[in-house]
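Here the structure comes first, spelled out in structure tokens, and everything after it is commentary.
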Amino acid sequence: MTTTAAPLDVTALRADFPILSRTVRDGKRLVYLDSGATSQRPTQVLDAERAFLEQHNAAVHRGAHQLAEEATDAYEGARQRIADFVGAEFGELVFTKNATEGFNLVAYAMGNAATSGPEAERFRIGPGDEIVVTEMEHHANLVPWQQLAQRTGATLKWFRLTGDGRLDLSDVDSVITPRAKVVAFTHQSNVTGVINPVDVLVAAAKKAGALTVLDACQSVPHGPVDFHALDVDFASFSGHKMLGPSGIGVLYGRRELLEALPPFITGGSMIELVKMEGSTFAPPPQRFEAGSPMTSQAVGLGAAVDYLSVVGMERVHAHEHLLTVAALEGLSGVKGVRLIGPEDAVSRGGAVPFEIEGVHPHDAGQVLDSLGIAVRVGHHCAWPLHRCLNAQSSVRATFYLYNTLDEVDALVEGVREAQKFFGVA
Amino acid sequence: MQLQQMYQEIILDHYKNPHGRGLRDPYDAESFQVNPTCGDEVTLRVHVVDDVVKDVSYDGQGCSISQASTSVLTDLVVGKPVGEAFEKLDAFVELMQGRGQVEPDEDVLEDGIAFAGVAKYPARVKCALLGWMAFKDAVARSQGAA
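Protein sequences appear in the order of chains A and B.
Numbers 1 to 425, taken from UniProt numbering, label the letters of the first sequence in order.
Numbers 1 to 146, taken from UniProt numbering, label the letters of the second sequence in order.
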């Protein structure tokens, strides 16, 4: 993509992330290329959490004392800012434990629709209905749908991948048929960084009358995302991949859908009226936030969104694109390295998976670690994708706003070291 | 360099020239084990006659640590009574779970002592134990079937 925004001042920005200046493995400078798994947090986020706990901590949505009011304002204020950040309305965001819980929430709520009132009719699913996913999915947006199919007798279908790891959309209408009740797919692959054409899938799902569920874990942290513009029905993303705390995720749902959706986890805080014979439920988002919610985590995620907004998501995306291009170029210049997924950076975020001939990914990761370079090795919770691309596992480097071209060079040099160590260069 | 402490020559030798590799007949039981974090897998067969491990054969995909430790396993247990093989298994598991604090007994573990350095890397302990867990499971199955 092109952008007219000024490039990031990465040196200045890195000063906000204390962990990036530490050393590892006997004094090696840390080269952190694993933000796709979890990102690091700037002091602004850490300070916001601490300030909340030192000044305003209380249980939210209960109690009439001043701290309870302030805590509730901080919690709901964070919800508003996060909503603004992703092009949603306040009442369309549900705080969850993590993104995985968001997918499970939708899947289980759909299962619960069978025994709910007529307002939940559109979510009912059973034998003869189809659930559509893709082979590219993280297990978080795959296993819950397999389970829903198993519980309800619905059929699971999936889009296959092309040889270079993009979705095979050559025959969309045969995969998404009028039997489809839900189409769940990732916005950006956590392994290859491939960005999927949301518009194509949303259009096909709408034609079929199916709901869409977007895995936005790798898109929201790395570029501008507007759920209303994307026109998806649900989307889930996590806090810790976008400079925020762990223990918090966000589920987006179109307001009219959340209003009709039955609850998943039930208990305190999510009710309207409780009698011994039965209960009625609060409107969304509270209906989906049973029990004591995470508070400092929500505040921290609000601060992360503030931080990213100041930097500018267009600039974040452009910076990662630069690093991705450099990594693809550098790694493809190393004999014996096989890039997994697309070899170019078109419609792609900052993730570069690869294999080294004669060096198992786990061993490659160990050599890189000994040089201070943190990457992910394995199948990255996307086993079917690896099988499709004929890889037992892979080494994956992922980039974020604080990574530099020097770090990309260190990665490429580290790969050469791994080859040398195992005697394959 | 720390790396050499972990990847001892013995480990790299076993990795490049694994002993006993390939699935063979006859066998009494087979075990399939997988490391769900990395997808490494091993299929391992045991042939036990009169309570003696006659053969261990295996196939699989995995890192140097998992492949080499399975190769060492075959050296250590083939030809041994099941009881003695399990003593070696217990000693190897203790070594691997010792976070580098356990002093291995070369008389018991022979080439297996080379994995002492691996025990300092918690993420790799599962790799080293993959084939051994398959062995334990396969023997249990063979005894269950007997």
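The beta carbon of each residue, even a glycine, is placed where N, CA and C say it ideally should be.
CB contact below 8 Å: residue i versus chain B
i, result
"A:W383", "yes"
"A:Q146", "no"
"A:D26", "yes"
"A:H362", "yes"
"A:T3", "Caution applies to A:T3, whose pLDDT of 48 falls short of 50 and renders its modelled position unreliable; the value that the coordinates give is listed next. Cβ-Cβ to chain B under 8 Å: no for A:T3."
"A:S189", "no"
"A:V337", "no"
"A:S296", "no"
"A:S269", "no"
Identity of the residue in the options nearest residue i by Cα
i, options, result
"A:G153", "A:E130, A:L167, A:E137, A:A140", "A:E130"
"A:G193", "A:V183, A:D73, A:A216", "A:A216"
"B:V139", "B:G100, B:K126, B:V82, B:P122", "B:V82"
"A:V213", "A:G111, A:R81, A:N190, A:G253", "A:G253"
"A:A6", "A:H319, A:G77, A:S296", "A:H319"
"residue 480 of chain A", "A:S39, A:T295, A:V10", "The structure shown has nothing for residue 480 of chain A, since chain A only spans 1 to 425."
"B:V78", "B:V93, B:G62, B:D90, B:H47", "B:H47"
"B:S66", "B:V125, B:K54, B:Q101", "B:V125"
"A:H317", "A:Y400, A:T23, A:S116", "A:Y400"
"A:G358", "A:R416, A:V45, A:T177, A:K206", "A:R416"
"B:F32", "B:S142, B:M6, B:T43", "B:T43"
"A:Y402", "A:L389, A:V334, A:L323", "A:L323"
"A:E259", "A:A425, A:A109, A:I356, A:A391", "A:A109"
"A:L167", "A:V200, A:W145, A:R124", "A:V200"
"A:V305", "A:E256, A:L46, A:L328, A:T72", "A:L46"
"A:D363", "B:Q61, B:D75, B:L76", "B:Q61"
Proximity test, Cβ basis, 8 Å: residue i and chain A
i, result
"B:L130", "no"
"B:L3", "yes"
"B:G117", "no"
"B:T37", "yes"
"B:G62", "yes"
Chain A residues whose Cβ lies nearer than 8 Å to that of residue i
i, result
"B:S69", "Under the 8 Å cutoff, chain A gives no residues; its nearest Cβ is about 13 Å from B:S69."
"B:G22", "In chain order: nothing, as chain A lies at least about 19 Å away."
Proximity of residue i and residue j at Cβ, strictly below 8 Å
i, j, result
"A:H360", "B:G39", "no"
"B:M96", "B:A123", "no"
"A:A120", "A:P342", "no"
"A:S393", "A:F354", "no"
"A:S39", "A:H240", "yes"
"A:G330", "A:L368", "no"
"A:V175", "A:L156", "no"
"A:L33", "A:V375", "yes"
"A:G291", "A:E101", "no"
"A:L211", "A:F237", "no"
"B:C127", "B:N35", "yes"
"A:F264", "A:N98", "no"
"A:Y307", "A:P18", "no"
"A:C381", "A:L161", "no"
"A:A78", "A:G267", "no"
"A:V31", "A:I373", "yes"
Proximal chain B residues relative to residue i, where beta-carbon distance stays under 7 Å
i, result
"A:Q392", "G39, Q61"
"A:V367", "L3"
Contacts that residue i makes with chain B (C-beta to C-beta distance below 9 Å)
i, result
"A:F85", "Those within 9 Å of A:F85 in chain B number zero; the least Cβ separation is about 32 Å."
"A:S370", "M1, Q2, L3, M6"
Beta-carbon neighbours of residue i, restricted to chain E and to distances below 8 Å
i, result
"A:H386", "In the displayed structure, chain E is absent; the protein chains listed are A and B."
Interface residues of chain B facing residue i [CB-CB closer than 8 Å]
i, result
"A:F421", "L3, Y7"
"residue 434 of chain A", "Nothing can be reported for residue 434 of chain A: it is not among the residues displayed for chain A, which extend from 1 to 425."
"A:A347", "At residue 347 of chain A the sequence reads Ser, which differs from the Ala that was named. In chain order: nothing, as chain B lies at least about 27 Å away."
request  = Give, in chain order, every unbroken run of the beta strand (DSSP E) that is at least 3 residues long and sits entirely within the segment 249-322 of chain A.
outcome  = You should have 249-253, 271-275, 278-281.
ask   = What alpha helix (DSSP H) runs, 4 residues minimum, are completely inside the segment 53-78 of chain A?
value = Taken in chain order, the complete alpha helix (DSSP H) segments of 4 or more residues contained in the segment 53-78 of chain A number zero; there are none.
request  = Mind listing, in chain order, the continuous beta strand (DSSP E) runs of no fewer than 3 residues lying wholly within the segment 78-151 of chain A?
outcome  = Listed in chain order, the complete beta strand (DSSP E) runs (minimum 3 residues) inside the segment 78-151 of chain A are 93-96, 130-134.
ask   = At which residue ranges does the segment 148-208 of chain A contain complete beta strand (DSSP E) runs of 3 or more residues, listed in the order of the chain?
value = Those beta strand (DSSP E) runs which fall completely within the segment 148-208 of chain A and span 3+ residues are 155-159, 180-186.
task = Starting from the N-terminal side, write out each stretch of the beta strand (DSSP E) that is 3 residues or longer and does not extend beyond the segment 1-58 of chain B.
result = DSSP runs (the beta strand (DSSP E)) wholly in the segment 1-58 of chain B: 29-35, 40-49.
query = Taking the runs of the alpha helix (DSSP H) that are 4 residues or longer, which of them lie wholly in the segment 342-398 of chain A?
reply = Taking 4 residues as the shortest admissible run, the segment 342-398 of chain A contains the following complete alpha helix (DSSP H) segments, listed from N- to C-terminal end: 361-370, 383-388.
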